[in-house]
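Notes follow once the structure below has been shown.
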Amino acid sequence: MQLSFKQRRLCHFHGNRIYYAAGWRGPLEALGLTSGKAWDRLDPGKLVTGSRRTNVYLADLGDGRRVYFKRHLLFGKPFRFFLRPSTAAVELFSYKTMKELGIPVAEPVAIGEIRRWGSLFAACIVTREIPQSLTLKDYALTHWLGLSPQAKGQAREALTNLICRHLRLMHDAGFFHFDPKWRNLLVRPESSGKIAGVWWIDSPRGNQLPAWLHDYGRVHDLASLCRMALFFLSRSQRLRFLHDYCGPSVSRRRIRKLVLQIDRHLQRNPPKPIQPSCASTTSLF
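According to the working numbering, the residues represented by the sequence shown are 1 to 285, in order.
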């Protein structure tokens with residue numbers, strides 16, 4: 001079955017099925033990812049992150065390519081996604097939507113669902129590895145903090161330009177990621193300290209919203225990005241990011257309102273400190 005869904009919908013109503021991108025069926029079946037088989041118990045490689053319900057593995061296909069296999073288990077909650085698209089299906093929709101907007105994303109190569117008469121028991125999505133990339137959070141901790149002040153400024157400006165442009169493309173089209181944490185953005189740093197690119201990953205809640213909900217989606221996405229920015233960027237740098245996102249045509253009054261909305265969101269859900277000395281407040285001001 002081909003990976004061709006373009007809507008935020010169920011993959012199927014009943015059964016254990018895998019949907020493959022063109023040319024990927026053979027390598028993934030060799031890995032054990034086959035319709036009708038027990039892929040919900042598959043451990044195909046190195047465990048990257050794990051929890052009781054969600055596990056992510058990095059698997060080597062043996063031909064120079066590597067993939068991430070992310071599996072969600074719904075034991076005890078089969079009706080949570082009854083007649084609703086799984087997180088894997090939503091993530092596929094998000095990737096396709098962002099790619100069509102010209103935003104770099106991870107390449108999905110397969111998704112799967114195990115359903116019984118509409119109830120979801122397991123779901124998975126497989127994405128191709130982006131070589132020599134690391135999460136924005138890891139980049140900030142292991143690379144950016146060690147750069148010279150000038151190189152830091154150049155890297156920050158490059159990242160700001162890319163992320164703001166991608167966000168505007170999404171939001172202008174009415175699409176919202178809903179989970180743009182720093183661990184869900186991949187960057188590829190060069191040896192010179194420059195940034196080769198930014199890719200967006202992990203969007204299991206991404207959605208196209210009607211116009212009257214755009215402010216809600218915008219505040220949610222910006223607040224998610226700001227949570228980690230509190231520990232690495234100064235107040236003026238965070239405000240500069242917001243000005244760059246809004247663009248010159250947006251009034252100062254509108255930006256001030258957006259700042260207050262983001263502040264309220266952060267104060268309801270304050271970030272957990274990773275480096276207390278880097279931030280003293282959860283306010284943008």
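In this text, a Cβ means the ideal position worked out from N, Cα and C, and glycines have one as well.
Assigned exposure category for Val198 - 16 Cβ within 10 Å defines buried: Around the C-beta of Val198, 16 or more other C-beta atoms lie within 10 Å, and the residue is accordingly described as buried.
Nearest-angstrom beta carbon gap, Arg238 and Cys226 [assumed within contact, 8 Å]: Confirmed, about 6 Å.
Cα-Cα separation, Trp144 to Phe176: Across the structure, Trp144 and Phe176 are spaced so that their CA atoms are roughly 27 Å apart.
Beta-carbon gap between Ser203 and Glu91 smaller than 8 Å: Yes, the pair counts as a contact, with Cβ atoms nearer than the cut-off.
Stretch pair the segment 187-198 + the segment 157-165: three plus CB contacts closer than 8 Å: Contact holds: three or more Cβ-Cβ distances are below 8 Å.
Anticipated Cβ contact below 8 Å, Val187 with Ser148, distance rounded: Actually they are not in contact, since the Cβ atoms of Val187 and Ser148 sit about 18 Å apart, beyond 8 Å.
Whole-angstrom distance between Ile111 and Leu167, CA atom to CA atom: Cα to Cα, the separation comes out at about 26 Å.
Distance between Ala22 and Ala88 (C-alpha atoms, nearest Å): About 18 Å.
Short Cβ contact (8 Å threshold) for Met98 with Val105: Result yes, Cβ atoms of Met98 and Val105 sit closer than 8 Å.
Top-ranked residue by Cα proximity to Gln261, from Arg218, Met228 and Phe231: Distances from the alpha-carbon of Gln261 to those of Arg218, Met228 and Phe231 put Arg218 closest.
Assigned exposure category for Leu31 - 16 Cβ within 10 Å defines buried: Leu31 should be labelled buried.
Extent of the continuous alpha helix (DSSP H) run through Asn161: Residues Pro149 to Asp172.
Collapsed DSSP secondary structure at Pro276 in the structure displayed: Residue placement at Pro276 is flagged as unreliable, the pLDDT there being 40, under the threshold of 50; a coordinate-derived value is accordingly withheld.
Environment of Asn16 [buried if 16+ CB atoms lie within 10 Å]: A residue is called buried when at least 16 other Cβ atoms come within 10 angstroms of its Cβ; Asn16 meets this threshold and is buried.
Reduced DSSP secondary structure (H/G/I, E/B, other) of Phe93: DSSP places Phe93 in helix when its eight states are reduced to three.
Backbone secondary structure at Ala59 - three-state DSSP: Residue state, collapsed to three classes: strand.
Under 8 Å between C-beta atoms of His243 and Arg115: No, they are not a contact pair.
Lys137 in three-state terms, based on DSSP: Looking at Lys137 - three-state DSSP - the assignment turns out to be helix.
Distance between Phe121 and Gly193 (C-alpha atoms, nearest Å): Rounded to the nearest whole angstrom, the CA to CA distance from Gly193 to Phe121 is 45 Å.
One or two residues paired with Trp199 in a DSSP bridge: Paired residues: Leu186.
Buried versus exposed, by CB contacts within 10 Å (16 or more), Trp182: Looking at its Cβ environment, which holds 16 or more other Cβ atoms inside 10 Å, Trp182 is buried.
Opening and closing residue of the alpha helix (DSSP H) in which Arg218 lies: Arg218 -> alpha helix (DSSP H) spans His214 to Ala229.
With 16 other Cβ atoms within 10 Å as the buried cut-off, status of Ile18: Of the other Cβ atoms in all chains shown, 16 or more fall within 10 Å of the Cβ of Ile18; this residue is therefore buried.
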